[in-house]
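What follows is a set of notes on a single structure, which appears directly below.
Residue numbers (the numbering used here), protein chains in the order written: chain A, 1 to 267; chain B, 1 to 324.
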């Protein structure tokens, strides 16, 4: 069973910052849904994800996962980062089973099948530093899945990979999540990634960070990137994004103006 | 379905049904994997002296003359040249002393008498009785430096507040010559051995402590985040993440500590004790046995060198950086 997530009016101001990074964020994510959070750098999308993971506490408001308030990190809602951040002194297998080791019940058979699932069965005893970036991210995926999470949070996990590896992993994670009925929240600034993976795309704007709008992506599960529907969805998302956040050409290089606009909006 | 059962991607029937391509691809991979892991075994380069056995097995080796040559140079030839230069300078010094009437009584310092005396020391077994107490004191001093330095180092590496609180006192204490503690050590400890171990500890604790703290501060913050996310408690974080991450830093600190400890040991053994290398040097001076004195100096150098080598191998053992 996977989780439904409800975010209740989160506002967050980092220490020493005058303006809130996130303001009045409210959203609901349904069990098994795959949601993308897109927005420019600095819109607070990653901050929001950290709050879902319990790695950061909001100054106001709270997050509930399956009715439980999130107060600390848990292996049940697991986060993957842009860097695979594997532990280089451990083998691939050891890295993958770390969550189980912390929980005190090792399960070698489960790790075997997970490593097979991510295509690294033959690398189980390898040094993680000998793996490619894509393979390392697969180990991180296996590690995240090992603790049977209900919710998988992805913080731009594929942005450091080459385009082919990225596309393959997007499809793979999406497929695995759908099979397991995992709820997936992916933070990205890549429109393609959002269209490739998400059922619903939340568009975030900055100053203060807020959800400006959303768009459903109604494409069948294995997304065919070459199809006309895919291109249409991509274009539609681009248009929606530009309409909500601006096309970036005028506002992005001038953050001061954006701030003034935001202040005027707030006033 | 409960959460515990939420392992759908792993249910075997699912896996087989959904990922046939992967299972089929798997058998083709080992060869490529092997080649990636052991570039040596892939293709024997032309014109090379090849000692190849069953291809793909882990013990397959390819010896190349340039590599062998580089190995011999770095492990035999270059050290030999260094030792030869040192011996030559020593011999020259001994020759100069022997030919100067003012200091001719010190001719025992020259290599030939020194090695003769060393031979006697080793043959009679006296040298072991001299080395053992010194090694014991060094060992105890380093052990205490380790026991104190590592936990304190981890603590100040983790807490910036603690780091700032301890900065002034630690830098102040660190700058005091360990030998300046000598009178206090003699008063505070019932035995001479205790006093010497204390002096060595005082000298050795700082490199261990600061190197440990530095290692902790260099840990990738994401490693903490990931471990917390995977459910690590404080103890597990320490055992599985922090300690393995800083193993090489700890032993790099210990290597520096061995250096200082070894320097402090000899003067510390000038204290009341009647055993050890420092005492032996003092004793040889008092009895005008300069050849024995020089022989002890050689022993000190050799042991120091071996201890350093031990530390280097520990650093390598605990190093996880692949470049090493």
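Backbone N, C-alpha and C define an ideal beta-carbon position, used for all residues, glycine too. This structure is a prediction, so every number in the text was calculated from the model and none was measured.
Under 6 angstroms Cβ to Cβ from residue i, same chain only, skipping five residues before and after it: list those, please.
{"i": "residue 321(B)", "result": "none"}
{"i": "residue 314(B)", "result": "251"}
{"i": "residue 90(B)", "result": "111"}
{"i": "residue 280(B)", "result": "130, 296"}
{"i": "residue 114(B)", "result": "291, 294, 295"}
{"i": "residue 300(B)", "result": "277"}
{"i": "residue 58(A)", "result": "10, 12, 51"}
Taking 8 angstroms as the limit between beta carbons, can you name the residues of its chain near residue i, skipping five residues before and five after?
{"i": "residue 56(A)", "result": "12, 47, 50"}
{"i": "residue 225(B)", "result": "none"}
{"i": "residue 98(B)", "result": "104, 107, 110"}
{"i": "residue 215(A)", "result": "200, 201, 203, 236, 237, 240"}
So residue i and residue j are supposed to be a Cβ contact under 8 angstroms. How far apart are they, rounded?
{"i": "residue 181(B)", "j": "residue 199(B)", "result": "6 angstroms"}
{"i": "residue 45(A)", "j": "residue 39(A)", "result": "5 angstroms"}
{"i": "residue 233(A)", "j": "residue 219(A)", "result": "6 angstroms"}
{"i": "residue 223(A)", "j": "residue 196(A)", "result": "5 angstroms"}
{"i": "residue 216(B)", "j": "residue 154(B)", "result": "6 angstroms"}
Strictly below 8 angstroms CB to CB, what residues from chain B border residue i?
{"i": "residue 75(A)", "result": "229, 230, 231"}
{"i": "residue 44(A)", "result": "Under the 8 angstroms cutoff, chain B gives no residues; its nearest Cβ is about 18 angstroms from residue 44(A)."}
{"i": "residue 99(A)", "result": "230, 231"}
{"i": "residue 78(A)", "result": "229, 230"}
{"i": "residue 161(A)", "result": "Near residue 161(A) there are no residues of chain B at all, since even the closest Cβ is about 17 angstroms away, more than 8 angstroms."}
{"i": "residue 55(A)", "result": "225, 228, 229"}
Ignore the nearest five residues each way along the sequence and tell me which others in residue i's own chain have a CB closer than 7 angstroms to its CB.
{"i": "residue 7(A)", "result": "25, 26, 27, 63"}
{"i": "residue 157(A)", "result": "80, 81, 82, 137"}
{"i": "residue 144(A)", "result": "78, 80, 152"}
{"i": "residue 212(A)", "result": "203, 204, 205, 244, 245"}
{"i": "residue 156(B)", "result": "162, 163, 166, 213"}
{"i": "residue 195(B)", "result": "185, 186, 189, 271"}
{"i": "residue 61(A)", "result": "8, 9, 10, 11"}
{"i": "residue 259(A)", "result": "Caution is warranted here: a pLDDT of 47 is assigned to residue 259(A), below 50, making its placement in the model unreliable, and the coordinate value is therefore given only provisionally. Around residue 259(A): 207."}
{"i": "residue 257(B)", "result": "142, 145, 204, 207, 208"}
Buried or exposed, going by whether 16 or more other CB atoms sit within 10 Å of the CB of residue i?
{"i": "residue 306(B)", "result": "exposed"}
{"i": "residue 126(B)", "result": "exposed"}
{"i": "residue 169(B)", "result": "exposed"}
{"i": "residue 103(B)", "result": "exposed"}
{"i": "residue 208(B)", "result": "buried"}
{"i": "residue 249(B)", "result": "buried"}
{"i": "residue 123(A)", "result": "buried"}
{"i": "residue 204(A)", "result": "buried"}
{"i": "residue 122(B)", "result": "exposed"}
{"i": "residue 212(B)", "result": "buried"}
{"i": "residue 201(B)", "result": "buried"}
{"i": "residue 176(B)", "result": "exposed"}
{"i": "residue 128(B)", "result": "exposed"}
{"i": "residue 281(A)", "result": "This structure cannot settle anything about residue 281(A), because the visible part of chain A is limited to 1 through 267."}
{"i": "residue 74(A)", "result": "buried"}
{"i": "residue 119(A)", "result": "buried"}
{"i": "residue 68(B)", "result": "exposed"}
{"i": "residue 83(B)", "result": "exposed"}
{"i": "residue 72(B)", "result": "exposed"}
{"i": "residue 88(B)", "result": "exposed"}
{"i": "residue 262(B)", "result": "buried"}
{"i": "residue 33(A)", "result": "buried"}
{"i": "residue 135(A)", "result": "buried"}
{"i": "residue 86(B)", "result": "exposed"}
{"i": "residue 93(B)", "result": "exposed"}
{"i": "residue 316(B)", "result": "exposed"}
{"i": "residue 235(B)", "result": "exposed"}
{"i": "residue 302(B)", "result": "exposed"}
{"i": "residue 5(A)", "result": "buried"}
{"i": "residue 67(A)", "result": "exposed"}
List the residues of chain B that residue i touches, going by C-beta distances under 7 angstroms, in chain order.
{"i": "residue 81(A)", "result": "222"}
{"i": "residue 103(A)", "result": "231"}
{"i": "residue 205(A)", "result": "Correct list: empty, because the minimum Cβ distance to chain B is about 26 angstroms."}
Could you work out which residues of chain A lie near residue i, taking near to mean beta carbons separated by less than 7 angstroms?
{"i": "residue 235(B)", "result": "Residues of chain A passing the Cβ test: none, with the nearest at roughly 10 angstroms."}
Determine, for residue i, whether the minimum Cβ-Cβ distance to residues of chain C falls below 8 angstroms.
{"i": "residue 226(B)", "result": "Among the chains of the structure shown, chain C does not appear; the protein chains present are A and B."}
Please list the partners that residue i has in chain A, where partner means a Cβ-to-Cβ separation under 8 angstroms.
{"i": "residue 241(B)", "result": "87"}
Using a C-beta to C-beta distance shorter than 9 angstroms, which residues of chain B count as neighbours of residue i?
{"i": "residue 147(A)", "result": "230, 231"}
List the residues of chain A whose Cβ lies closer than 9 angstroms to the Cβ of residue i, in chain order.
{"i": "residue 320(B)", "result": "87, 88, 89, 90, 127, 129"}
{"i": "residue 340(B)", "result": "Because chain B is modelled from 1 through 324, residue 340(B) falls outside the range shown and cannot be assessed."}
Open item on the list: Would you call the segment 278 to 295 of chain B in contact with the segment 112 to 120 of chain B, where contact means no fewer than 3 C-beta pairs closer than 8 angstroms?
Closed with: Taking a cut-off of 8 angstroms on C-beta distances, the segment 278 to 295 of chain B touches the segment 112 to 120 of chain B, as three or more cross pairs fall below it.
Open item on the list: Below 8 angstroms, how does it come out for the segment 126 to 137 of chain A and the segment 87 to 102 of chain A: are there three or more Cβ pairs, yes or no?
Closed with: The segment 126 to 137 of chain A is in contact with the segment 87 to 102 of chain A.
Task: the segment 148 to 166 of chain A touching the segment 178 to 191 of chain A, judged by at least three CB pairs closer than 8 angstroms - done: These segments touch.
Open item on the list: Under 8 angstroms, with one C-beta from each stretch per pair, do the segment 255 to 272 of chain B and the segment 98 to 113 of chain A reach the 3-pair mark?
Closed with: At 8 angstroms Cβ cutoff, the stretches do not touch.
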